[in-house]
Amino acid sequence: MESRATSTKARLLLLLLLACTCGAVSPSGEAAEAKALLTWKSTLTISDANASSPLSSWSPASSPCGSWSGVACNAAGRIAALTVPGAGVAGTLDALDFSALPALASLNLSGNPLAGAIPANVSLLASLASLDLSSNNLTGGIPAALGTLRGLRALVLRNNPLGGRIPGSLAKLAALRRLDLQAVRLVGTIPPELGRLRALTFLDLSRNSLSGELPPSFAGMAKMRELYLSRNNLSGVIPPELFTSWPEVTLFFLHYNSFTGSVPPEIGRAGKLRFLALEANNLTGVIPAEIGSLTGLEFLDLGRNSLSGPIPASIRSLKLLVGMALSFNGLTGLVPPEIGSMSLLQNLDLNDNQLEGGLPATISSLKDLYSLDFSNNKFTGTIPSIGSKKLLSAAFANNSFSGSFPRTFCQVASLALLDLSSNQLWGELPNCLWDLEDLLFLDLSSNGFSGKVPSSGSANLSSLESLHLANNRLTGEFPTILKKCKQLIVLDIGPMPQGLLANLTSMMKPQTEFNMTSLIHHQVLHLDGAMNFVDRIDVNWKMKSYTFQGTIALMVGIDLSGNSFSGEIPTELANLWGLRFLNLSRNHLSGHIPENIGDLKLLESLDCSWNELSGAIPSSISKLPSLSSLSLSNNNLSGEIPTGNQLQTLDDPSIYNNNSGLCGYPLVACSKGSSGTVETLDVELETVYFYYSIIAGLVLGFWLWLGSLVFFKTWRTYVFCCVDRLQDKV
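With full-length UniProt numbering applied, the sequence shown corresponds to residues 1 to 730, in that order.
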């Protein structure tokens, strides 16, 4: 009995010891983890703008589990997840003891300004399943040691300046489902061994400098759903076996590379494909008819290649297609009428091909169109009726369309961009043109429009930034309604109404590529749907003809050269502080150059040549700090040329040619009390005498030579003999 009691006490004592020992494990592990995180925190800095950073709750006085923001623990009380995205945490990962976090399964430090390298000892996180260090400033390449994290299912390092190559060791991550290395400055080729990642469903290697071919071994990634390889330097053919081996693929993006060969007909086997972008490669051949088998396709971009042949009629099966871009190719033939069956289409771009004939009337069936571009083809006939009331952008430029202005556009209140330039359209412009409230860009130039430009409309035209009406047969006075155009930046017209300049308020501030508002916003699926139209204008600038396209945001100016404008230069011009060029040459302008011309501080080029301007050059012109091109020649200007730092660099006398009363640098110096007339006349007379002397010498020499032949028989005989010998030789 006593022995049994002793045995029972012994068991109880042993259980008590075990309980104490077990109870001590958790606090000990938790303390080590807390110490590791607090030590790392002590090396970091947190931006003042992020006072609510999760790290502010990390304190030795509290437990990580349940008290620390961004920290989650498992049932055993060990830290299993560390989630601190966008917390303004600056520093490195060097002081973080990964060995103290054996239970950590998820680490997310994305969107912080962390710098330095990814430590190789991150491989000590034996339980890690997800690692997200995206959008930091990490450098030093991708450590090969990451390949030892056999349980890793997601590796996201995008948007870091890591550099280096893709380590082949990543092929050992058999459980990996998501690999995101977008924009990490990778170089070299893609390791073929990555094809062993059979569990991978998402791969993003876009926006790097990868070269070489797309490995055919990628066909081994049988579960692939989304592939992003765009914006690299990849070349070679697109492996056809990818489309036969990836039954689940929904997205295939290879745009902006250098792939060659044809679009594989096997693409029709990828039955679940929804997004296909092969834009901006070197693909040749025809668009395969098998593309019509992709009945779930929502987005198709084959633009900027060298594809030829017709648009296949099989596209009629793409009834879910929302966006189709086939621009900048060599496609020929007609636009198939089957295009009208793609009832969900929002964006259609056939720009810059060799397509011909008339556009099918079925286009009017596309009720959801937001953007339409048929420019730069060989289309003929009339522009068909547009059935979409949602249209934002419509371009038909550089074709041979005929007929009158399509009034169907007047019924599209949302229209922001309309380009009908360089066609054979004729007739009068309708009054409803100025009813388009949201119009940003209108180009009707180089057609046969005639009659008066409408002068009234219901819209206030407050959004209009660019208007082109030149090269038509328009008559009458210019529409004063354009005085409402407070945002007008580009104006390509004929006569200008009185007071218009005072209303061009958008030219009263400097324009940069960052404050231009020429964007047409529209969401196409989940893709970027902002349409940024590229404006252009032909101007005479710095004594040469230029076409500004794309850079027009930085080229705010006025070119009224080669017209028949008369009267004085409007003083309101000096209020347009954003002007960079001003060309008023070859007109009949008279009077003085405005004294306040010096207020145009950004002006780079000023040309007032070939007019009838008189008086002195205003001294304020010397205060133009950016002026690099000036021409005031062929006027009636007089007095002393102003001096100034920038003006002294313009030392070409031709700038001031044919102004009878000018003097001063770079012309002859002005005499004391003189306006410079005498000195200028002396120079001109000397020039005239010089040329007269040359002409007189030539005439005298000719007659002396001819007289010698007439009056001296010996000379005449000798010359004729020389001519005979020369003729015999010939």
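Ideal Cβ positions, reconstructed from N, Cα and C, are used throughout, including at glycine. The structure displayed is predicted, hence computed values, not measured ones.
- Message: Please report the straight-line C-alpha distance between threonine 92 and isoleucine 118, rounded to a whole angstrom.
- Response: To locate residue 92, count along the sequence shown from 1; it is residue 92. To locate residue 118, count along the sequence shown from 1; it is residue 118. Going from the Cα of threonine 92 to the Cα of isoleucine 118 covers about 9 Å.
- Query: Taking the C-alpha atoms as reference points, what is the distance between valine 263 and leucine 125?
  - Reply: In the sequence shown, counting from the first residue as 1, residue 263 sits at position 263. In the sequence shown, counting from the first residue as 1, residue 125 sits at position 125. Rounded to the nearest angstrom, the two C-alpha atoms are 44 Å apart.
- Query: Taking Cβ to Cβ, would you say glycine 163 is nearer than 7 Å to glycine 195?
  - Reply: Translated into positions along the sequence shown, residue 163 becomes position 163. Translated into positions along the sequence shown, residue 195 becomes position 195. Contact flag unset, no.
- Same chain only: Cβ atoms within 7 Å of residue 731, ignoring 5 sequence neighbours per side: For residue 731 there is no data in the structure shown, the boundaries of the chain being 1 and 730.
- Could you say if the stretch 56-75 and the stretch 110-117 meet the contact criterion of at least three C-beta pairs nearer than 8 Å? no
- Query: If you check the beta carbons only, do proline 310 and glycine 333 fall under 7 Å apart?
  - Reply: Within the sequence shown, residue 310 is the residue found at index 310, counting from 1. Within the sequence shown, residue 333 is the residue found at index 333, counting from 1. For proline 310 and glycine 333, yes; Cβs fall inside 7 Å.
- Message: With the cut-off set at 7 Å, would you say proline 430 and valine 453 are in Cβ contact?
- Response: Here residue 430 corresponds to residue number 430 of the sequence shown, with the count starting at 1. Here residue 453 corresponds to residue number 453 of the sequence shown, with the count starting at 1. No, they are not a contact pair.
- If you draw a straight line from the alpha carbon of leucine 109 to that of asparagine 137, how long is it in whole angstroms? For the purposes of this step, residue 109 is identified with residue 109 of the sequence shown, where counting begins at 1. For the purposes of this step, residue 137 is identified with residue 137 of the sequence shown, where counting begins at 1. Going by the C-alpha atoms only, they are around 12 Å apart.
- Message: Pop quiz: isoleucine 481 and serine 466 are said to be a contact at Cβ under 8 Å. What is the actual Cβ separation, rounded to whole angstroms?
- Response: Locating residue 481 in the sequence shown gives position 481, where the first residue counts as 1. Locating residue 466 in the sequence shown gives position 466, where the first residue counts as 1. Incorrect: roughly 16 Å between the Cβ atoms, too far for contact.
- Item | Selected residue, minimal CA-CA separation from residue 789, among Ala36, Gly86, Asn471 | Shown here, the chain extends from 1 to 730; a query on residue 789 therefore has no answer.
- Query: Which residues in the same chain have their Cβ closer than 6 Å to the Cβ of proline 406, if we skip the five residues on either side of it in sequence?
  - Reply: Here residue 406 refers to the residue found at position 406 when the sequence shown is read from its first residue. Closer than 6 Å at Cβ, skipping near neighbours: Ile383.
- Query: If you follow the alpha helix (DSSP H) that phenylalanine 396 is part of, which residue opens it and which one closes it?
  - Reply: Along the sequence shown, read from residue 1 onward, the residue named residue 396 stands at position 396. From DSSP, phenylalanine 396 is part of no alpha helix (DSSP H); its letter is neither H nor E.
- Query: First and last residue of the alpha helix (DSSP H) that includes serine 67?
  - Reply: As a first step, residue 67 is located in the sequence shown; it is residue number 67 there, counting from the start. Here the alpha helix (DSSP H) through serine 67 covers 64-67.
- From the DSSP output, which residues share a beta bridge with asparagine 659? In the sequence shown, the residue the question calls residue 659 occupies position 659. Beta-bridge pairing links asparagine 659 to no other residue.
- Could you check what DSSP says for glutamate 640 in three-state terms: helix, strand or coil? Locating residue 640 in the sequence shown gives position 640, counting from the first residue. Glutamate 640 falls in the strand class under three-state DSSP.
- Message: Could you give the first and the last residue of the continuous beta strand (DSSP E) run that contains phenylalanine 449?
- Response: On the sequence shown, residue 449 is found 449 positions in, with the first residue counted as 1. Note, phenylalanine 449: beta strand (DSSP E), 448-452.
- Alpha-carbon spacing of phenylalanine 401 relative to isoleucine 238, whole angstroms: Taking the first residue of the sequence shown as 1, we reach residue 401 at position 401. Taking the first residue of the sequence shown as 1, we reach residue 238 at position 238. Each residue's Cα considered, the two are about 38 Å apart.
- Task: Could you work out which residue in Ala95, Ser134, Thr39 is closest to threonine 83 when comparing CA atoms only?
- Result: Within the sequence shown, the letter at position 83 stands for residue 83. Closest option to threonine 83, Cα to Cα, is Ser134.
- Query: Under three-state DSSP, which class holds valine 668?
  - Reply: Stepping through the sequence shown from its first residue, residue 668 is reached at position 668. Correct three-state label for valine 668: coil.
- Query: Can you give, in chain order, each stretch of the beta strand (DSSP E) that sits fully within the stretch 81-131 and has at least 3 residues?
  - Reply: 106-108, 115-117
- Item | Test item: CB-CB of glutamate 290 and proline 265 under 7 Å | As a working note, residue 290 is residue 290 in the sequence shown. As a working note, residue 265 is residue 265 in the sequence shown. Cβ atoms of glutamate 290 and proline 265: closer than 7 Å.
- Message: Suppose you measure from the CA of lysine 172 to the CA of alanine 222; what does that come to, to the nearest Å?
- Response: Indexing the sequence shown from 1 puts residue 172 at position 172. Indexing the sequence shown from 1 puts residue 222 at position 222. Computed Cα separation, rounded: 16 Å.
- Message: Rounded to the nearest angstrom, what separates glycine 151 and leucine 439 at their Cα positions?
- Response: By one-based count along the sequence shown, residue 151 stands at place 151. By one-based count along the sequence shown, residue 439 stands at place 439. Their backbone Cα atoms lie some 56 Å apart in a straight line.
- Message: Just to confirm my understanding: we take serine 585, look at its own chain, exclude 5 residues before and 5 after, and list those with CB closer than 6 Å. What are they?
- Response: Residue mapping note: residue 585 aligns to position 585 of the sequence shown, counting from 1. Same-chain partners within the cutoff: Ser561, Asp607, Ser609, Trp610.
- For tryptophan 703, is the classification buried or exposed, using 16 other Cβ atoms within 10 angstroms of its Cβ as the cut-off for buried? Walking along the sequence shown from the start, residue 703 turns up at place 703. Classification for tryptophan 703: exposed.
- Item | As assigned by DSSP and simplified to three states, the class of cysteine 721 | For the purposes of this step, residue 721 is taken as the residue at position 721 of the sequence shown. Cysteine 721: helix per DSSP, three-state reduction.
- Task: Please decide whether glycine 29 counts as near chain D, where near means a Cβ-Cβ distance under 7 Å.
- Result: In summary, chain D is missing from the structure at hand, where a single protein chain is found.
- Collapsed DSSP secondary structure at serine 456 in the structure displayed: Translated into the one-based positions of the sequence shown, residue 456 becomes position 456. Residue state, collapsed to three classes: coil.
- Task: From the DSSP output, read off the bridge partner residues of tyrosine 228.
- Result: By 1-based counting over the sequence shown, the position of residue 228 is 228. In the DSSP output, where bridge partners are listed per residue, tyrosine 228 has Asp204, Phe253.
- Task: Under the assumption that isoleucine 617 contacts isoleucine 655 (Cβ atoms under 8 Å), give the Cβ distance between them as a whole number of angstroms.
- Result: Stepping through the sequence shown from its first residue, residue 617 is reached at position 617. Stepping through the sequence shown from its first residue, residue 655 is reached at position 655. Not a contact, Cβ separation roughly 10 Å.
- Message: For aspartate 651, list the residues DSSP reports as bridge partners.
- Response: Here residue 651 corresponds to residue number 651 of the sequence shown, with the count starting at 1. Note: aspartate 651 sits in no beta bridge, so no partner.
- Given a threshold of 16 other Cβ atoms within 10 Å of its Cβ, counted over all protein chains shown, does alanine 397 qualify as buried or as exposed? Start at 1 with the first residue of the sequence shown, and residue 397 comes out as number 397. It is buried - the Cβ of alanine 397 has at least 16 other Cβ atoms within 10 Å.
- By the 10 Å Cβ neighbour count, where 16 or more other Cβ atoms means buried, how is residue 731 classified, buried or exposed? Residue 731 lies beyond the stretch modelled for the chain, which goes from 1 to 730, so this question has no answer here.
- Task: Helix, strand or coil for lysine 378, going by three-state DSSP, please let me know.
- Result: By 1-based counting over the sequence shown, the position of residue 378 is 378. It is a strand residue.
- Task: Leaving aside the five residues before and after serine 209 along the sequence, list all residues of the same chain whose C-beta is less than 8 Å from its C-beta, in chain order.
- Result: Taking the first residue of the sequence shown as 1, we reach residue 209 at position 209. The residues Arg185, Leu186, Val187, Asn232, Asn233, in chain order, have a CB closer than 8 Å to that of serine 209 in the same chain once the five nearest residues on each side in sequence are set aside.
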